[in-house]
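Numbering (this note's numbering), first residue to last: 17 to 255.
Yeah, the Cβ is synthetic: ideal placement off N, Cα and C, and Gly gets one too.
Owing to the predicted nature of the structure, the values given are computational and were not obtained by experimental measurement.
What follows is the structure in structure tokens.
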């Protein structure tokens with residue numbers, strides 16, 4: 017009976033050792049390497065966005081709003097006459113604010129007396145023909161007291177360029193990982209994790225207001241840089 021107990025204890029001890037070894041094998045740490053990859057693609061813009069401000073004043077808020085609506089409609093009609101589709105026009109950031117009495121230094125005086133109201137309407141315009149941009153800017157400048165705050169060049173369909181930039185970023189990450197791994201006497205064996213960040217850079221052009229005879233305002237689109245970046249963690253061999 018005593019011998020059986022000894023054998024059982026020995027078997028339990030042996031089983032415990034085997035389990036510990038198995039656990040150690042399954043929990044062994046596989047070496048990893050983390051790198052950043054960057055990719056960039058150059059592209060010619062095929063679309064332009066303009067932001068045009070329509071600002072009017074009146075003695076009452078209703079008067080300012082009414083005159084603003086009329087002037088905004090004039091702007092929209094002018095743009096549509098230049099071939100801009102209705103879907104490429106959008107109003108945003110409509111606001112009406114009181115105007116307070118000020119002294120000659122532009123400081124509000126007295127008990128903040130309201131002397132009128134100012135209405136502001138932002139019209140976003142999308143131009144699909146780059147060569148028309150300068151002419152449209154001139155036409156808008158002649159049509160009324162409008163302020164064009166910026167000329168933003170972009171890509172109507174940027175997916176293709178983003179994908180190319182992403183492919184370059186992944187290839188760049190793998191290239192870097194192989195260089196580092198080889199220098200350390202290791203080999204890349206797989207990917208543990210990967211995260212992606214993507215951004216498209218839109219250039220912005222500044223211009224001076226055109227006079228009535230200054231046709232046409234020069235606008236140079238240049239090139240856009242479409243960039244992507246990835247963060248990759250690779251597995252390395254355990255040798």
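Distance check for residue j and residue i, CA to CA, integer angstroms please.
i           : j           : result
residue 221 : residue 166 : Its pLDDT being 48, under 50, residue 221 is placed unreliably by the model, and the measurement read from it follows with that caveat. Taking the straight line joining both Cα atoms gives about 7 Å.
residue 169 : residue 65  : 6 Å
residue 244 : residue 172 : 18 Å
residue 161 : residue 88  : 11 Å
residue 157 : residue 92  : 13 Å
residue 84  : residue 67  : 16 Å
residue 230 : residue 148 : For residue 230, the pLDDT reaches just 47, beneath the cut-off of 50, and the residue's location in the model is therefore unreliable, leaving the point undetermined.
residue 155 : residue 59  : 28 Å
residue 225 : residue 206 : Only weak support exists for where residue 225 lies, its pLDDT of 46 falling under 50; the value from the coordinates is given anyway. The alpha-carbon atoms of residue 225 and residue 206 are separated by roughly 57 Å.
residue 69  : residue 48  : 54 Å
residue 14  : residue 57  : Residue 14 lies beyond the stretch modelled for the chain, which goes from 17 to 255, so this question has no answer here.
residue 178 : residue 185 : 10 Å
residue 150 : residue 201 : 59 Å
residue 53  : residue 199 : 18 Å
residue 187 : residue 240 : 21 Å
In this structure, what does DSSP give as the bridge partners for residue i?
i           : result
residue 210 : 248
residue 114 : 133
residue 178 : None; residue 178 has no bridge partner.
residue 196 : The partner list for residue 196 (beta bridge, DSSP) is empty, contrary to what the question assumes.
residue 161 : Looking at the DSSP assignment, residue 161 forms no beta bridge with any residue, so it has no partner.
residue 48  : 251
residue 171 : None, per the DSSP bridge assignment.
residue 187 : Its beta-bridge partners do not exist; DSSP assigns none.
residue 55  : 244
Taking a contact to mean a Cβ-Cβ separation below 7 Å, would you say residue i touches residue j in this structure?
i           : j           : result
residue 55  : residue 181 : yes
residue 77  : residue 133 : yes
residue 137 : residue 107 : yes
residue 16  : residue 195 : The first residue shown for the chain is 17 and the last is 255, placing residue 16 beyond what the model contains.
residue 203 : residue 253 : yes
residue 135 : residue 81  : yes
Write down the C-beta distance between residue i and residue j rounded to the nearest angstrom, noting that I regard them as a contact closer than 8 Å.
i           : j           : result
residue 246 : residue 210 : 6 Å
residue 189 : residue 248 : 4 Å
residue 51  : residue 251 : No, residue 51 and residue 251 are not in contact; Cβ-Cβ is about 13 Å, not under 8 Å.
Alpha helix (DSSP H) runs wholly inside the segment 63-98, at least 4 long, in chain order | 77-97
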